[in-house]
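Peer 1: Each protein sequence line maps, in turn, to chains A and B.
Numbered continuously in the working numbering, the first sequence closes out at residue 340.
Numbered continuously in the working numbering, the second sequence closes out at residue 1340.
Have a look at the structure that comes next, please.
Number of protein chains: 2
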Amino acid sequence: MSAALPSDPADLFEVARAGNQSALARLLTLIERGGPRSRAVAALAFRTGDTAYSVGITGAPGAGKSTLTDRLITCARTRGLDGSDRVAVLAIDPSSPYSGGAILGDRVRMPSHALDDRVFIRSMATRGHLGGLSVAVPDAVRVLAAVGMPVVLVETVGVGQQEVEVAAATDTTIVVVNPGWGDAIQANKAGLLEIADLFVINKADRPGARETRRDLELMLELTDLGDWRPPIVETVASAGEGVDALWDVIEEHRNHQIESGMLVELRRQRLEREFHQILMARLAEQIDELMTTTPFAGVTSALAAGDLDPYQAADRLLAGLRDASDPLDPPDPLDPPSTA
Amino acid sequence: MSAALPSDPADLFEVARAGNQSALARLLTLIERGGPRSRAVAALAFRTGDTAYSVGITGAPGAGKSTLTDRLITCARTRGLDGSDRVAVLAIDPSSPYSGGAILGDRVRMPSHALDDRVFIRSMATRGHLGGLSVAVPDAVRVLAAVGMPVVLVETVGVGQQEVEVAAATDTTIVVVNPGWGDAIQANKAGLLEIADLFVINKADRPGARETRRDLELMLELTDLGDWRPPIVETVASAGEGVDALWDVIEEHRNHQIESGMLVELRRQRLEREFHQILMARLAEQIDELMTTTPFAGVTSALAAGDLDPYQAADRLLAGLRDASDPLDPPDPLDPPSTA
């Protein structure tokens, strides 16, 4: 039996800041669902100015991302990053219909840390969130930072475009591949090469690890890199092999980013992308509302009838949006712009 | 040596309609690049009212989609669909930086049809197109329909979100999997189950085909299907096995869609989505322009300084957009909406 949590976002936020993990889980549920309360939570977290160092882990299904994440939790707990031993995990699954804070369910994913109260594990589906995962995840990371989590591991489940974007929006992005013909090439095709700050060849005890390393190195040579050349780390996550070396490289990348000033600049750019994403989502909402009103509904029927092509339909609607502010002369979106 | 092609889109369109494949390739290059000439071509094609039956082929890399597509070309040539023996192929590769009409290069992909002038093969990258692939591909299909192609096979290269959307935007969507543990589950995770009108288990001579079929059947049972239950066809595309049966099922699905009235309804819905996509892309362009102007640039600096969170920044910009029509009282987007 636990005490009832406050329903007001600001009160809930204070309870979570005081260390209550149920309150934290509830905050993340609000973020996940979107809507005004989500926004209130996001604003509270933003205002604290707290940041967490985020590490994205992506790669094809079956590459061993969960096992690797589990091992990285241990590194974060025993070795820490910048002196702190607390760590949060966001497991991102955009395809999951599941939403809401099943803390037990989340902890079962990583059984070795299920009873450790300095570890917070959470899956996110975020179907309802305005702007989708690319807005919900940064919001969630800021909430975790605000309650005192210095490190957030963001594990994505698949390699769809959305997951790649989420992984790329972290401070250090790890791309996990396995030994085997063509795995490096698939990573390239999926756009993973562009976002990787470091590569992990997991299950490196299997045949083909050397060839996969060679393929990755070759592709890196063909890529126009900045002043950071993504290192390649071999691990056998199931046995814990290579994980300490991986944590070393994560720290190395973090230090590089801090010292070069890149961390500040990249975070600024990501914030601007979030803003853009929110703006587009808002506009999409407004358009959906407009679509149901007269005379705009006429545009869609003209489209269905074949009288307007989709480009013309868009032109008419945009012209209508611009002129809609003049109530004395409402424009007719079906009015031809020139004599046919 | 070939005669010079006209540069005016309308003239080019007429030459392509008369059967000139170089002109057709040029039209598709224009579509791919986006911009005003792309739009002119799209409008010309739309106005003809011609439609082609489109078949999408998607699945994980390495599943054998190209080989299968190659075999389906043969079916389209020898058996036809609705009496015609011409066929076009669009090979969609959003990750490719390559753009432009390398007819030879495209034909080399499917060598068995390289010299057949009733087959038109084309890859599309469409980086430049307003609205991306989900607008460019329907435009391209309409151009192909307008020059007399009754069937268009749309092969996607990967299984990113964009490719899944492209494949789903065809009249019949084929999802290709291979035998092997978990392949069906991966298809489910990638969102392929939702879009499939029929499944192909390619390389069905390999171990595990029966298990994969059972997995797919189980997942279909757990899915809320309409009045069409996606059939599962086993093929060995490299040997041509099962491909005739696959063509039978494609015809069956086409007939079902026509007789049930679904074809008309689904095409109407897809057209509305295209319109929506174009609208959003236009608005994104307008916002990008606005971002560079005063006083809107102030919003992004306030965001960078941490004075506004991304939601507040979006609110300010939208309020500014609404009020911008009053030149006598330009709004200051940094003006606080309430006393702090």
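Even for Gly, the Cβ is constructed at its ideal location relative to N, Cα and C.
Pick helix, strand or coil for residue 157/A, following the three-state DSSP scheme.
Peer 2: For the purposes of this step, residue 157/A is identified with residue 157 of the first sequence, where counting begins at 1. Residue 157/A: coil per DSSP, three-state reduction.
Peer 1: Just grab the DSSP bridge partners of residue 1392/B for me.
Peer 2: Since the displayed chain B opens at 1001 and closes at 1340, residue 1392/B lies outside it and no answer follows.
Peer 1: Between the beta-carbon of residue 235/A and the beta-carbon of residue 220/A, is there less than 7 Å?
Peer 2: As a first step, residue 235/A must be located in the first sequence, where it is residue number 235. As a first step, residue 220/A must be located in the first sequence, where it is residue number 220. Contact: no.
Peer 1: Can you say whether residue 1187/B is buried or exposed, counting buried as having 16 or more other CB atoms within 10 angstroms of its CB?
Peer 2: Translated into positions along the second sequence, residue 1187/B becomes position 187. By the neighbour-count rule (16 or more Cβ atoms within 10 Å), residue 1187/B is buried.
Peer 1: Mind listing the chain B neighbours of residue 274/A? Cutoff is C-beta to C-beta under 7 Å, in chain order.
Peer 2: Residue mapping note: residue 274/A aligns to position 274 of the first sequence, counting from 1. Neighbours of residue 274/A on chain B, chain order: 1310.
Peer 1: What's the gap between the Cα of residue 1060/B and the Cα of residue 1176/B?
Peer 2: Counting from one through the second sequence, the residue named residue 1060/B turns up at place 60. Counting from one through the second sequence, the residue named residue 1176/B turns up at place 176. Whole-angstrom Cα-Cα distance: 7 Å.
Peer 1: Inspect the beta-carbon positions of residue 1164/B and residue 1200/B and report whether they are closer than 7 Å.
Peer 2: For the purposes of this step, residue 1164/B is taken as residue 164 along the second sequence, with counting starting at 1. For the purposes of this step, residue 1200/B is taken as residue 200 along the second sequence, with counting starting at 1. No, the pair does not count as a contact, with Cβ atoms beyond the cut-off.
Peer 1: Quick check on the DSSP output: what are the complete beta strand (DSSP E) runs of length 3 or more inside the stretch 1002-1066 of chain B, in order along the chain?
Peer 2: 1053-1059
Peer 1: Once DSSP output is grouped into helix, strand and coil, what is the label at residue 1088/B?
Peer 2: Stepping through the second sequence from its first residue, residue 1088/B is reached at position 88. DSSP places residue 1088/B in strand when its eight states are reduced to three.
Peer 1: Using 8 Å for Cβ pairs, my map puts residue 1091/B next to residue 1157/B. What's the rounded Cβ distance?
Peer 2: As a working note, residue 1091/B is residue 91 in the second sequence. As a working note, residue 1157/B is residue 157 in the second sequence. Under the criterion of beta carbons closer than 8 Å, residue 1091/B and residue 1157/B qualify as touching, at roughly 7 Å.
Peer 1: Give a yes or no on whether the minimum CB-CB distance between residue 186/A and chain B is below 7 Å.
Peer 2: Stepping through the first sequence from its first residue, residue 186/A is reached at position 186. Yes, residue 186/A lies at the interface with chain B (some Cβ there is under 7 Å from its Cβ).
Peer 1: Inspect the CB distances between the stretch 196-213 of chain A and the stretch 165-175 of chain A and report whether three or more fall short of 8 Å.
Peer 2: yes
Peer 1: Anything in the stretch 1052-1077 of chain B with a Cβ closer than 8 Å to a Cβ of chain A? List those residues in chain order, please.
Peer 2: So the close ones are 1061, 1062.
Peer 1: Buried or exposed for residue 1337/B, going by 16 or more other Cβ atoms inside 10 Å?
Peer 2: What you label residue 1337/B is simply residue 337 of the second sequence in a count that begins at 1. The predicted model places residue 1337/B with a pLDDT of 45, which falls under 50 and marks its position as unreliable, so this point remains unresolved.
Peer 1: Would you identify the three-state DSSP class for residue 223/A, choosing helix, strand or coil?
Peer 2: Position 223 of the first sequence, counted from the start, is the residue given in the question as residue 223/A. Three-state result, residue 223/A: coil.
Peer 1: Of all the residues that make up the stretch 1277-1297 of chain B, which are near chain A by a beta-carbon distance shorter than 9 Å?
Peer 2: 1277, 1278, 1279, 1280, 1281, 1282, 1283, 1284, 1286, 1287, 1288, 1291
Peer 1: Grouping DSSP H, G and I as helix and E and B as strand, with all else coil, what is residue 1166/B?
Peer 2: Working through the second sequence from its first residue, we reach residue 1166/B at position 166. Correct three-state label for residue 1166/B: helix.
Peer 1: Residue 67/A: which of 78/A, 242/A, 194/A, 21/A sits nearest, CA to CA?
Peer 2: In the first sequence, counting from the first residue as 1, residue 67/A sits at position 67. Comparing Cα-Cα distances from residue 67/A to each of 78/A, 242/A, 194/A, 21/A, the minimum goes to 242/A.
Peer 1: I want to see whether chain B comes within less than 7 Å of residue 46/A, judged by CB atoms only; does it?
Peer 2: Translated into the one-based positions of the first sequence, residue 46/A becomes position 46. Cβ-Cβ to chain B under 7 Å: yes for residue 46/A.
Peer 1: DSSP on residue 308/A, reduced to helix/strand/coil?
Peer 2: The residue you call residue 308/A lines up with position 308 of the first sequence. Coil at residue 308/A, not helix or strand.
Peer 1: Taking all protein chains shown into account, decide if residue 1155/B is buried (16 or more other Cβ within 10 angstroms of its Cβ) or exposed.
Peer 2: Along the second sequence, one-based indexing puts residue 1155/B at 155. Answer is buried; the Cβ neighbour count reaches 16.
Peer 1: Applying the criterion that 16 or more other CB atoms from any shown protein chain within 10 Å of the CB defines a buried residue, is residue 1265/B buried or exposed?
Peer 2: Taking the first residue of the second sequence as 1, we reach residue 1265/B at position 265. Flag for residue 1265/B reads exposed.
Peer 1: Could you tell me the distance, in whole angstroms, from the CA atom of residue 133/A to the CA atom of residue 1240/B?
Peer 2: The residue given as residue 133/A occupies position 133 in the first sequence. The residue given as residue 1240/B occupies position 240 in the second sequence. Between residue 133/A and residue 1240/B, the C-alpha separation is close to 42 Å.
Peer 1: Evaluate residue 1341/B with the Cβ neighbour count: other Cβ atoms within 10 Å of its Cβ, from every protein chain shown; 16 or more gives buried, anything less gives exposed.
Peer 2: It is not possible to answer for residue 1341/B, since the shown part of chain B is limited to 1001 through 1340.
Peer 1: Check whether chain A comes within 7 Å of residue 1257/B, counting only Cβ atoms and requiring the distance to be less than that.
Peer 2: In the second sequence, residue 1257/B corresponds to position 257, counting from 1. By this cut-off, residue 1257/B is not an interface position.
Peer 1: What are the boundary residues of the beta strand (DSSP E) that includes residue 1122/B?
Peer 2: In the second sequence, counting from the first residue as 1, residue 1122/B sits at position 122. Its beta strand (DSSP E) spans residues 1119-1124.
Peer 1: What residues in the stretch 1220-1253 of chain B have a beta carbon less than 9 Å from any beta carbon of chain E?
Peer 2: No chain E appears in this structure, whose protein chains are A and B.
Peer 1: At a CB-CB cut-off below 7 Å, which residues of chain A make contact with residue 1169/B?
Peer 2: In the second sequence, the residue the question calls residue 1169/B occupies position 169. What residue 1169/B touches in chain A: nothing, since even the nearest Cβ is about 13 Å away.
Peer 1: Could you check whether residue 122/A and residue 44/A sit closer than 7 Å to each other, using their CB atoms as the reference points?
Peer 2: The count along the first sequence starts at 1 and reaches residue 44/A at position 44. The count along the first sequence starts at 1 and reaches residue 122/A at position 122. Not in contact: residue 44/A and residue 122/A (Cβ atoms no closer than 7 Å).
Peer 1: Would you mind giving the Cβ-Cβ distance between residue 58/A and residue 167/A, rounded to the nearest angstrom? I have them listed as a contact below 8 Å.
Peer 2: Here residue 58/A is taken as the residue at index 58 of the first sequence, counted from 1. Here residue 167/A is taken as the residue at index 167 of the first sequence, counted from 1. Contact between residue 58/A and residue 167/A holds: their C-beta atoms lie close to 4 Å from each other, under 8 Å.
Peer 1: Quick one: list the residues of chain A neighbouring residue 1039/B, beta-carbon separation under 8 Å, in chain order.
Peer 2: Residue numbering aside, residue 1039/B sits at position 39 when the second sequence is read from its first letter. Within 8 Å Cβ-Cβ: 311.
Peer 1: Would the stretch 1276-1293 of chain B count as touching the stretch 277-290 of chain A if we require 3 or more Cβ pairs under 8 Å?
Peer 2: yes
Peer 1: Hey, quick one: how far does the alpha helix (DSSP H) through residue 1341/B stretch, first residue to last?
Peer 2: A question about residue 1341/B goes unanswered here, because the residues of chain B that appear run from 1001 up to 1340.
Peer 1: Excluding sequence positions up to five away, which residues of its chain have a Cβ less than 8 Å from the Cβ of residue 274/A?
Peer 2: Here the question's residue 274/A lines up with position 274 in the first sequence. Closer than 8 Å at the Cβ level, and outside the excluded window around residue 274/A, lie 131, 134, 135, 138.
Peer 1: Measure the alpha-carbon distance for residue 1212/B versus residue 1293/B and round it to whole angstroms.
Peer 2: Along the second sequence, one-based indexing puts residue 1212/B at 212. Along the second sequence, one-based indexing puts residue 1293/B at 293. Whole-angstrom Cα-Cα distance: 56 Å.
Peer 1: Use the C-beta contact count for residue 71/A: other C-beta atoms within 10 angstroms, 16 or more gives buried, fewer gives exposed.
Peer 2: In the first sequence, residue 71/A corresponds to position 71, counting from 1. That one is buried.
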